[in-house]
Amino acid sequence: MESGGETGDIRRSRLSDYAELSEAGPPPAPITEPEPLNSDVVAQGQRQFAALLGEFRRTAVLVPTDEDDTPLVGDFGGIRWIYAFSNESALTRFAIARGEGGREWPYQRLLGARLLDATVPAVSAVGVPCGVALDVGTEGEGALFPPVLGIVPEAAAVDAGADAEGIRG
Numbered sequence: 001m002e003s004g005g006e007t008g009d010i011r012r013s014r015l016s017d018y019a020e021l022s023e024a025g026p027p028p029a030p031i032t033e034p035e036p037l038n039s040d041v042v043a044q045g046q047r048q049f050a051a052l053l054g055e056f057r058r059t060a061v062l063v064p065t066d067e068d069d070t071p072l073v074g075d076f077g078g079i080r081w082i083y084a085f086s087n088e089s090a091l092t093r094f095a096i097a098r099g100e101g102g103r104e105w106p107y108q109r110l111l112g113a114r115l116l117d118a119t120v121p122a123v124s125a126v127g128v129p130c131g132v133a134l135d136v137g138t139e140g141e142g143a144l145f146p147p148v149l150g151i152v153p154e155a156a157a158v159d160a161g162a163d164a165e166g167i168r169g
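Residues 1 to 169 in full-length UniProt numbering are what the sequence shown lists, from first letter to last.
Pasting the structure below:
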């Protein structure tokens, strides 16, 4: 039998600790209906997002590219996300998180407006909805700009042609 190292201790994953706790813990609480959102809180969130979007549109961001100078993307939830970074430090954190910190990362510097108004529709033209993921891998600092009206042009928006309830007509 293997000793597990010089001390004979067997290293365990913290995940196994969580699994043991969940098995021994109390039963989960019943699911309840969420509290309705306060309209003031919703309005404040909308104003904050509008300010963030405006700042993004006016700012040059770094868009990593592949060997063909095509923006680096990731697919999640049926949407193709173009990766964009506010600075080289954020791009470096992303590269390290991917285990690729040792290689060179070519990138283009684009205005957020150009990325949303030109690049997103070009990528969406291949038949996959496309948005922008800003500062992926930077905990608490990132933002998503999904392919919806008010963020991307109508031709690239998944909700284009939807009525007030979000139902396409």
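Note that beta-carbon positions come from the ideal geometry of N, C-alpha and C, so glycine has one too.
Practice problem: Could you check how far apart the C-beta atoms of Cys-130 and Pro-147 are, in whole angstroms? I think they sit under 8 Å. | Solution: 6 Å
Quiz prompt | Residue from Thr-32, Phe-56, Leu-62, Leu-91 with nearest C-alpha to Gly-137 | solution = Leu-91
Quiz prompt | Best match in Leu-72, Glu-100, Ser-86, Arg-47 for proximity to Gly-112 [C-alpha to C-alpha] | solution = Ser-86
Practice problem: Evaluate contact between the segment 91–105 and the segment 46–58, counting only Cβ atoms and requiring at least three cross-stretch pairs below 8 Å. | Solution: no
Quiz prompt | Residues that DSSP places opposite Gly-131 in a beta bridge | solution = Trp-81
Practice problem: Kindly give me the distance between the Cβ atoms of Ala-84 and Leu-37, rounded to whole angstroms, as I take these residues to be in contact under 8 Å. | Solution: Between Leu-37 and Ala-84 the Cβ distance is about 29 Å, and since that is not below 8 Å, they are no contact.
Quiz item: Taking buried to mean at least 16 other C-beta atoms within 10 Å of its own C-beta, is Asp-135 buried or exposed?
Solution: buried
Quiz item: Which residue's Cα is closest to the Cα of Ala-156: Leu-110, Glu-141, Val-42, Ala-122?
Solution: Ala-122
Practice problem: Using only alpha-carbon positions, find the residue among Leu-144, Asp-40, Gln-44 that is nearest to Gly-77. | Solution: Leu-144
Quiz item: From which residue to which residue does the beta strand (DSSP E) around Asp-75 run?
Solution: 73–76
Quiz item: Thr-138 by DSSP, collapsed to three states: which one?
Solution: coil
Practice problem: For Gly-82, I'd like the list of residues in its chain whose CB is within less than 6 Å of its CB, leaving aside the five on either flank, ordered along the chain. | Solution: Checking the sequence shown, residue 82 turns out to be Ile, not Gly. Counting only Cβ-Cβ distances below 6 Å, and skipping sequence neighbours, we find Pro-71, Val-73, Val-132.
Quiz item: What residues are listed by DSSP as bridge partners for Phe-145?
Solution: Val-132
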